[in-house]
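What follows is one structure encoded as structure tokens, with my remarks underneath.
Residue numbers (our numbering): 23 to 321.
Next comes the structure, spelled out in structure tokens:
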């Protein structure tokens, strides 16, 4: 296993670019009582520099999510009696995914058999880049859809916290924490995905290379911070970065935004909705001022 150090690569940002140049991110998220997850993931995607961000939510959530950020494109989805995305939404998401440069599923979704089917189907068959987070990870764990032999060539990023990681591998949290790097690599090899194992010293690995992130602080231990990260990584994929590089840069920026915010707000006072406001400062701190940059050719 090669451990990479230094700074992550930056995506290209040509001076003559337009919305289409910088990609379209699609975030499928939220359920009744969890509208914030969709909104936070959408904000993370917007702050990635993606050209367009579509947020697909159960129809009843459209007014509240739309009121949080006017920059979103909103896709109302059929919902069940519990306010979750229903099985009827699968074809709508599949059609919307064709127009998207990258897709994320899972934040605030809730759990039910219909969402298990949707998550499994998209993970296996979606041709483009896909970020799988939160309840979509729990869905994959429930149905056992992880082996890379059944997955298309589309790029995949899995973003588990230790509890979700334990469910995906059929183990317990203490075992995950005892071998974070080894188990992250195991999951990456098994699934063919880049794995982002969140926590202090977040591990990013594709099974051949790894990065141990050094940005961030305990202020990130707050509900919704992972949703912002999911959107940020999805937006970077939409901009054309490969999965390992997008995950590396997204985790670095996310942690750096928390570090910058904590200097003014403190770690105890930091909440997830602060993070998108500090991502621009994180971009500036790593030297992205609107031009140049490069994208690694490796996956």
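We treat Cβ as the ideally placed atom computed from N, Cα and C, and that holds for glycine.
The alpha helix (DSSP H) enclosing residue 252, as first and last residue numbers: Note, residue 252: alpha helix (DSSP H), 247 to 260.
When the Cα atoms are used, what is the spatial distance from residue 313 to residue 33? Per-residue confidence for residue 313 stands at a pLDDT of 41, beneath the threshold of 50, marking its modelled position as unreliable; the derived number appears in the next sentence. Approximately 9 angstroms, taken between the alpha carbons.
In chain order, each alpha helix (DSSP H) run of at least 4 residues that lies wholly inside the region 85 to 168: Positions of the alpha helix (DSSP H) runs, each at least 4 residues long and wholly inside the region 85 to 168, are given as 112 to 121, 135 to 147 and 156 to 165 in order along the chain.
Can the beta-carbon of residue 218 be found closer than 8 angstroms to that of residue 294? No, they are not a contact pair.
Taking 8 angstroms as the cut-off, decide whether the C-beta atoms of residue 66 and residue 298 are in contact. yes
Reduced DSSP secondary structure (H/G/I, E/B, other) of residue 396: The shown model of the chain, from 23 to 321, leaves out residue 396, and the question about it has no answer.
Are the region 259 to 275 and the region 53 to 65 in contact at 8 angstroms, needing three or more beta carbon pairs? no
Hey, is the region 68 to 76 in contact with the region 38 to 49, meaning 3+ C-beta pairs nearer than 8 angstroms? Output reads yes: the region 38 to 49 touches the region 68 to 76.
Beta-carbon contacts of residue 64 that lie in its chain and below 7 angstroms, excluding the five residues immediately before and after: 49, 75, 77, 91, 94 and 253
Which residue from 164, 103 and 179 puts its Cα closest to that of residue 192? The shortest Cα separation from residue 192 among 164, 103 and 179 belongs to 164.
From 145, 103 and 124, pick the residue whose C-alpha is nearest to that of residue 112; which is it? 145
Does DSSP put residue 178 in a helix, a strand or coil? Here residue 178 sits in strand by DSSP.
Bounding residues of the alpha helix (DSSP H) (the contiguous stretch that carries residue 232): No alpha helix (DSSP H) contains residue 232, which is instead part of the beta strand (DSSP E) from 231 to 234.
Rank 166, 304, 235 and 138 by C-alpha distance to the C-alpha of residue 213 and give the top, closest one. Looking at the Cα atoms, 166 is the closest of the given residues.
Count the C-beta pairs between the region 174 to 185 and the region 154 to 161 that are closer than 8 angstroms, then say yes if the count reaches three, no if not. yes
Note the first and the last residue of the continuous alpha helix (DSSP H) segment covering residue 211. 202 to 213
Quick check: the region 197 to 207 against the region 236 to 256, are at least 3 beta-carbon pairs closer than 8 angstroms? no
Classification of residue 26 by the beta-carbon crowding that lies within 10 angstroms, buried from 16 upward: exposed
Excluding the 5 residues flanking residue 30 on each side, which residues of the same chain have their C-beta closer than 6 angstroms to its C-beta? 270, 271 and 274
Assign residue 169 to one of two classes, buried (16 or more other C-beta atoms within 10 Å of its C-beta) or exposed (fewer than that). exposed
Cross-strand partners of residue 46 (DSSP beta bridge): 74
What residues in its chain sit with their C-beta under 6 angstroms from that of residue 220, if we drop five residues either side in the sequence? 183
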